[in-house]
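Colleague: Under my numbering, the letters of the sequence shown match residues 86 to 177, in that order.
For every residue, glycine included, the Cβ atom is placed at its ideal position computed from N, Cα and C.
Small disclaimer: the values here were computed from a predicted structure and weren't measured.
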Amino acid sequence: MTAIKAANGQLVTDEMINSWCESLDHDEWPSDWVNVGDVIHGKPPVESDGSVVLSVKVPAGMKRAIEARAKSKGVSTSAAARELLENGLLAI
86 MTAIKAANGQ
96 LVTDEMINSW
106 CESLDHDEWP
116 SDWVNVGDVI
126 HGKPPVESDG
136 SVVLSVKVPA
146 GMKRAIEARA
156 KSKGVSTSAA
166 ARELLENGLL
176 AI
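1. Count the other C-beta atoms from every protein chain shown that fall within 10 angstroms of the C-beta of A165, then say buried if there are 16 or more, exposed otherwise.
2. Do you know how far the Cα of T98 is from the Cα of R154?
3. Nearest to V121 by CA position, among V138, C106, N93, is which residue?
4. Between the alpha carbons of K148 and K90, how many angstroms are there, rounded?
5. Would you grab the beta carbon distance between I151 and L174 for me? Rounded to a whole angstrom, and I think it's under 8 Å.
6. Return the residue from the list D110, G135, W105 that minimises the CA-CA distance to V119.
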């Protein structure tokens, strides 16, 4: 297969990709990779997408379940509800 041209102009071959996969499968950093910045964990803040308020009525038991999920994950009730909504939408 022909090489793929990366955004930085570097040509990437199947052999390079296979070598990277082999290293990563063994929890090793590929020798020719350069770290260009810090790892940023998680999703971008909701505000970066322009958030709006969505009010919905749910049964009291459902609210308690969402609150319990939020507490067990160490996040806000809103964050837990957003995650559940997002997962539901992704499942469609």
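Modeller: Reading it off the structure:
1. Label assigned to A165: buried.
2. Their Cα atoms are separated by approximately 45 Å.
3. Nearest C-alpha to V121: N93.
4. Near 50 Å, if we compare the C-alpha coordinates of K90 and K148.
5. Taking C-beta atoms under 8 Å as the contact rule, I151 and L174 fail to qualify, at a distance of about 16 Å.
6. Cα-wise, what sits closest to V119 is W105.
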